[in-house]
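Participant:
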């Protein structure tokens, strides 16, 4: 007979506790709370209170467990846990257990209220000892600090992410938690118990904050670690100088921004919006700040958050790690910084945060500039007169790849890359997209990689494009380590048909294929023949009469259409 749902007729803890245990075993945690509500708290012994507290915690009724703990936390009392192991041992002996296996937790819990077995005379009580000093628990985060973090960095509020780190594989990442971001969760983040990330995009394609993530390129990261160890991006002069410039640019535009040492290898720069701002406008705002801050150092890669203009499907979009927590990979604490990149106390930093004035945002977006790398007159002249590298002796893609790889780094590689950009409209538009929109699709990045990226073993043009667009340099390093054939004009036309207007492909060598990479090796390139844009004189004379007739017919049709559009005369007229 199931007696767990019988009406409660007793307030005796000893009688109600077995029923609560049985309800917990059945998964009926609501019944556990209901039975506890009938218990007289004042009649509970410390041992009984400890057992009920553990059972309530198992049932998820943390509020009742906290109430019970507060009720029995004052005044002299016996140690509440001292008799539980003895009762468990008595149960094991009674059931014939020899201690070789793990006791059944249900058995231990059901017998937790048995009277303790006193040690025999002359037998040492292994629990009879003086406990040493306990380490003080970390002080809770001040409620104003938690409230400020939720206000400025709460984001969506209905979901958040937790960071994980696998020390064996030296990998870190995040998993989504589809629960509300509560004050308790944020407090654990501030205490360093967990590390939170937040999804930037709201479901309505707006953002309450936007951020720039400044990281070193792979080569710069290695140099930074050799010079400064794992002290973070503050030890990387190019990143620090660039962030200072962007902060100064934002201040000049009247946009309050704050920098953060992420605790990893990079720096973050935050902007806040109230009311929320559409994601495309937030991205355009960050791109404009970067453009006005001046040229981006080659050693710095920048990512813009949000990375998307809108959510697609059921995805959550990209996330960014929240400040003032501990980076799980480096175990370094994040810090908010002053305009001079000096550490700032958390309370002071959060109190100084302000949203960007909408009028200032509008003014900056209306006065946008469109930057694109240009050459000086002397550089253009030197590039024009400089001899191009010799064309490959053989027509095979491998021979072409070898010829491209042998172009010396530095000025010659840059000139060769500029010839490709000048000769191919598709590659030029993709490079412009990397600099202006700071984003590249996978196909666009691959097209640049297998054209401009094959020039030399060290080519700053492709590195700057990838850094501006936030594309990883790992694939570039892999390509440079081998000899990859360049992408042909045919494939470019298939993938980027809309960009091919006005594109003139170089003539393919015998038994070879046309590719923009040929512009790097041949100067001036041999262009494929196209139909003449202006007809010859004889053709023009022959077609003059027919052209005049066509014009007359078009004018007649226009005149008839205008007549139909005129209103009909009325009787008064």
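Numbering (the working numbering), first residue to last: 1060 to 1632.
Yeah, the Cβ is synthetic: ideal placement off N, Cα and C, and Gly gets one too.
Keep in mind it's a predicted model, so treat the numbers as computed, not measured.
Leaving out five residues before and five after residue 1155 in sequence, what residues of the same chain have Cβ atoms less than 8 Å from its Cβ?
Facilitator: Confidence in residue 1155 is poor, its pLDDT being 38 and thus under 50, which makes the residue's placement too unreliable to answer from.
Participant: Which residue's Cα is closest to the Cα of residue 1271: 1572, 1087, 1377?
Facilitator: In terms of Cα proximity to residue 1271, the closest of 1572, 1087, 1377 is 1377.
Participant: Going by alpha carbons, who is nearest to residue 1412 out of 1363, 1512, 1081, 1268?
Facilitator: 1268
Participant: DSSP puts residue 1327 in a beta bridge; with which residues?
Facilitator: 1272, 1319
Participant: Tell me where the beta strand (DSSP E) around residue 1219 begins and ends.
Facilitator: 1219–1225
Participant: Do residue 1387 and residue 1224 count as a contact pair if the criterion is CB distance below 7 Å?
Facilitator: yes
Participant: Just how far apart, CA to CA, sit residue 1391 and residue 1118?
Facilitator: 36 Å
Participant: Where residue 1100 and residue 1085 are concerned, what is the direct C-alpha to C-alpha distance, given to the nearest angstrom?
Facilitator: 25 Å
Participant: Name the two residues that bound the continuous beta strand (DSSP E) containing residue 1362.
Facilitator: 1359–1364
Participant: Rounded C-beta distance between residue 1460 and residue 1517? I'm assuming under 8 Å.
Facilitator: At roughly 16 Å, the Cβ-Cβ gap does not stay under 8 Å, so residue 1460 and residue 1517 are not in contact.
Participant: Should residue 1071 go down as buried or exposed, given a rule of 16 or more other Cβ atoms within 10 Å for buried?
Facilitator: exposed
Participant: Assuming residue 1325 contacts residue 1273 (C-beta within less than 8 Å), just tell me the rounded distance between them.
Facilitator: 5 Å
Participant: Where are the alpha helix (DSSP H) runs, 4 residues long or more, that stay fully inside the segment 1107–1132, in chain order?
Facilitator: 1121–1130
Participant: Would you mind sorting residue 1399 into buried or exposed? The rule is 16 or more other CB atoms within 10 Å of its CB.
Facilitator: exposed
Participant: Tell whether a beta-carbon distance below 7 Å holds between residue 1410 and residue 1383.
Facilitator: Not closer than 7 Å, so no.
Participant: Spell out a yes or no on whether the segment 1361–1373 and the segment 1330–1339 are touching, meaning 3 or more CB-CB pairs, one atom from each, closer than 8 Å.
Facilitator: yes
Participant: Any contact between the segment 1247–1260 and the segment 1292–1304? By contact I mean 3 or more CB pairs, one from each, below 8 Å.
Facilitator: no
Participant: Report the residue from 1329, 1314, 1316, 1293 whose alpha carbon sits nearest the alpha carbon of residue 1359.
Facilitator: 1293
Participant: Measuring alpha carbon to alpha carbon, tell me which of 1329, 1082, 1623, 1524 ends up nearest residue 1320.
Facilitator: 1329
Participant: Beta carbon of residue 1203, beta carbon of residue 1333: below 7 Å?
Facilitator: no
Participant: With DSSP as the reference, identify every bridge partner of residue 1003, one or two as the case may be.
Facilitator: What is shown of the chain runs 1060 to 1632, which leaves residue 1003 out entirely.
Participant: How long is the line joining the alpha carbons of residue 1620 and residue 1613, rounded to whole angstroms?
Facilitator: 11 Å
Participant: Just the C-alpha distance for residue 1124 and residue 1107, rounded to the nearest angstrom, thanks.
Facilitator: 13 Å
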